[in-house]
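With the working numbering applied, the sequence shown corresponds to residues 46 to 366, in that order.
Ideal Cβ placement from N, Cα and C applies to all residues, glycine included.
In this text the structure is predicted, and so the values were computed from the model without any measurement.
In what follows, a single structure is set out as structure tokens and then discussed.
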Amino acid sequence: MSWVIFAHGDCDGVCSASLAFSAKKEAKVFFTNPAGLLQDLRQVKDENLIITDIALTSSHKKEIISELKRISSKYEVLYFDHHPLPLGLSTEEIPATLIRGEDDSCASELVYSYFRDKLNPELSRVMVYGAIGDYSDNTKIVKEVLSEWDKRELYLEAGILVKVLEGTKKRDYDFKRNLVLYLSQNKLPSLNEELIKIAVQESVLDEQMREVIRVSTRVVGNVAYVKDIPWSLGKAATYARVYGKTVVGVAAEERKEYVDMSIRTIALDNLYEIVSRVAESLNGTGGGHKNAAGSRVQKDSFIQFIERLNNEVSICLGLKP
Ligand SMILES: [Mn+2]
46 MSWVIFAHGD
56 CDGVCSASLA
66 FSAKKEAKVF
76 FTNPAGLLQD
86 LRQVKDENLI
96 ITDIALTSSH
106 KKEIISELKR
116 ISSKYEVLYF
126 DHHPLPLGLS
136 TEEIPATLIR
146 GEDDSCASEL
156 VYSYFRDKLN
166 PELSRVMVYG
176 AIGDYSDNTK
186 IVKEVLSEWD
196 KRELYLEAGI
206 LVKVLEGTKK
216 RDYDFKRNLV
226 LYLSQNKLPS
236 LNEELIKIAV
246 QESVLDEQMR
256 EVIRVSTRVV
266 GNVAYVKDIP
276 WSLGKAATYA
286 RVYGKTVVGV
296 AAEERKEYVD
306 MSIRTIALDN
316 LYEIVSRVAE
326 SLNGTGGGHK
336 NAAGSRVQKD
346 SFIQFIERLN
356 NEVSICLGLK
366 P
């Protein structure tokens with residue numbers, strides 16, 4: 046029976062997909078995200094399914110669960126994830142084999158642990174790249190694996206991958222599929238001229254874009270934001286926070302009728318809850334981790350999103366909005 050893999054397009058998503066692909070060689074690989082998961086699940090017909098690194102968000106959770114039920118009634122569904130579940134949803138309600146992270150284990154670590162016996166042992170370093178990409182390289186398993194390598198080499202490879210994936214190729218799914226295949230063949234990012242070229246270009250861009258963020262950042266109370274800056278949303282959100290001198294940074298990008306956002310903080314441990322609440326109050330979607338989140342709202346709601354986010358963050362930290 047054939048397999049299909051749905052993965053997130055960031056470093057952890059690509060590395061976890063590559064490990065899953067190494068265990069299920071003929072699998073087809075697709076990239077998706079929390080907001081697109083439902084649409085993509087509807088396309089799954091007669092196949093087993095692996096989902097990796099895709100958060101379940103509150104909006105459409107009923108429809109997503111019913112799609113998972115439809116597929117898992119006939120086929121295998123393995124769902125690897127380390128994002129907090131939406132409030133009020135328990136693991137028992139999700140009709141799939143759930144492999145969930147504890148203690149900040151990233152998706153790459155979960156997939157690696159699950160398929161370990163089936164994998165070329167050297168692919169352990171692909172797991173480490175994913176973990177570094179998600180700042181999740183401090184777990185017991187990752188530390189164990191790191192001790193079997195010279196970790197300086199692995200950080201170089203991970204750094205190249207992060208640069209490449211945060212670069213201009215964001216929605217180039219064929220490129221990412223090729224990268225999944227390349228990594229599954231136990232080949233190093235540093236030995237691929239195309240990857241090196243993209244990574245270096247991204248470094249040049251990073252240096253320029255930080256200056257653009259410095260002059261474009263707007264501040265609403267305790268939230269700094271930038272919009273439609275042609276750069277990685279995650280990095281833009283981080284530097285908006287830094288240059289706006291706020292506790293939360295947001296980077297937004299208009300896409301058709303929506304605005305997609307990355308949100309970053311170092312001051313909160315429940316950012317995903319706040320973001321998801323604010324997004325839902327505006328009929329959008331949102332979720333993520335304790336200090337990094339993402340959201341999508343209608344483009345007309347963007348400024349309201351920033352204002353409501355500021356209110357919620359300020360209440361949470363006892364600050365003046
Ligand atoms: Mn992840």
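Whole-number beta carbon distance between residue j and residue i, since they are thought to touch under 8 Å
i, j, result
"residue 191", "residue 207", "Not confirmed; about 17 Å, so no contact."
"residue 132", "residue 112", "Actually they do not touch by this definition, with Cβ atoms about 21 Å apart."
"residue 320", "residue 297", "In fact, because the Cβ distance is near 13 Å, the residues do not count as touching under 8 Å."
"residue 246", "residue 212", "7 Å"
"residue 83", "residue 109", "5 Å"
"residue 221", "residue 76", "6 Å"
"residue 354", "residue 293", "7 Å"
"residue 39", "residue 244", "The structure shown does not extend to residue 39, since the chain is modelled only from 46 through 366, so no value can be given for it."
"residue 251", "residue 280", "7 Å"
"residue 104", "residue 318", "Incorrect: roughly 14 Å between the Cβ atoms, too far for contact."
Proximity winner among the options, relative to residue i (alpha-carbon distances)
i, options, result
"residue 49", "68, 55 and 57", "68"
"residue 316", "306, 130, 171 and 334", "334"
"residue 57", "79, 311, 134 and 177", "177"
"residue 360", "309, 328 and 267", "267"
"residue 200", "312, 313, 171 and 115", "171"
"residue 301", "196, 117 and 341", "341"
"residue 107", "135, 314, 97 and 149", "135"
"residue 183", "303, 264, 147 and 102", "147"
"residue 328", "97, 102, 89 and 51", "102"
"residue 269", "286, 162, 357 and 299", "286"
"residue 79", "262, 332, 195 and 196", "332"
"residue 264", "251, 239 and 291", "291"
"residue 344", "356, 312, 325 and 303", "303"
Length of the line joining the Cα atoms of residue i and residue j
i, j, result
"residue 65", "residue 159", "9 Å"
"residue 181", "residue 155", "12 Å"
"residue 141", "residue 249", "43 Å"
"residue 278", "residue 349", "19 Å"
"residue 370", "residue 253", "Outside the displayed range of the chain (46 to 366) lies residue 370, so it cannot be described from this structure."
"residue 54", "residue 229", "16 Å"
"residue 282", "residue 259", "11 Å"
"residue 271", "residue 237", "33 Å"
"residue 202", "residue 235", "6 Å"
"residue 169", "residue 157", "7 Å"
"residue 95", "residue 120", "11 Å"
"residue 305", "residue 219", "22 Å"
"residue 81", "residue 186", "31 Å"
"residue 227", "residue 362", "45 Å"
"residue 351", "residue 91", "42 Å"
"residue 330", "residue 129", "14 Å"
"residue 241", "residue 276", "18 Å"
"residue 144", "residue 115", "19 Å"
"residue 310", "residue 323", "16 Å"
"residue 118", "residue 336", "36 Å"
"residue 358", "residue 89", "39 Å"
"residue 308", "residue 299", "15 Å"
"residue 194", "residue 166", "12 Å"
Same chain only: Cβ atoms within 7 Å of residue i, ignoring 5 sequence neighbours per side
i, result
"residue 225", "59, 62, 63, 66 and 74"
"residue 233", "202"
"residue 257", "274"
"residue 151", "57, 127, 175, 176, 179 and 181"
Residue i, enclosing alpha helix (DSSP H) - first and last residue
i, result
"residue 136", "No alpha helix (DSSP H) holds residue 136; DSSP gives it neither H nor E."
"residue 172", "169–178"
"residue 113", "106–117"
"residue 80", "Careful: residue 80 lies outside any alpha helix (DSSP H) and carries neither H nor E."
"residue 57", "56–68"
"residue 209", "196–211"
"residue 269", "Segment 268–272 is the beta strand (DSSP E) holding residue 269; no alpha helix (DSSP H) there."
"residue 219", "218–229"
"residue 283", "278–289"
"residue 89", "Run containing residue 89: none; DSSP gives neither H nor E here."
"residue 164", "No alpha helix (DSSP H) contains residue 164, which DSSP labels as neither H nor E."
"residue 100", "Looking at the DSSP string, residue 100 is not in any alpha helix (DSSP H), and its letter there is neither H nor E."
"residue 316", "316–326"
Start and end residues, beta strand (DSSP E) containing residue i
i, result
"residue 355", "Element bounds for residue 355: not the beta strand (DSSP E) but the alpha helix (DSSP H), 347–362."
"residue 339", "337–343"
"residue 331", "330–333"
"residue 248", "That residue, residue 248, is in no beta strand (DSSP E); its alpha helix (DSSP H) goes 238–261."
"residue 93", "93–97"
"residue 297", "293–300"
"residue 307", "303–310"
"residue 142", "142–145"
"residue 50", "48–52"
"residue 191", "Not the beta strand (DSSP E): residue 191 falls in the alpha helix (DSSP H), residues 185–191."
"residue 122", "122–126"
Own chain, CB closer than 8 Å to residue i, minus 5 neighbours either side, in chain order
i, result
"residue 164", "64, 67, 68 and 157"
Cβ-based neighbour list, residue i, same chain, cut-off 6 Å, excluding 5 preceding and 5 following
i, result
"residue 366", "266, 355, 356 and 359"
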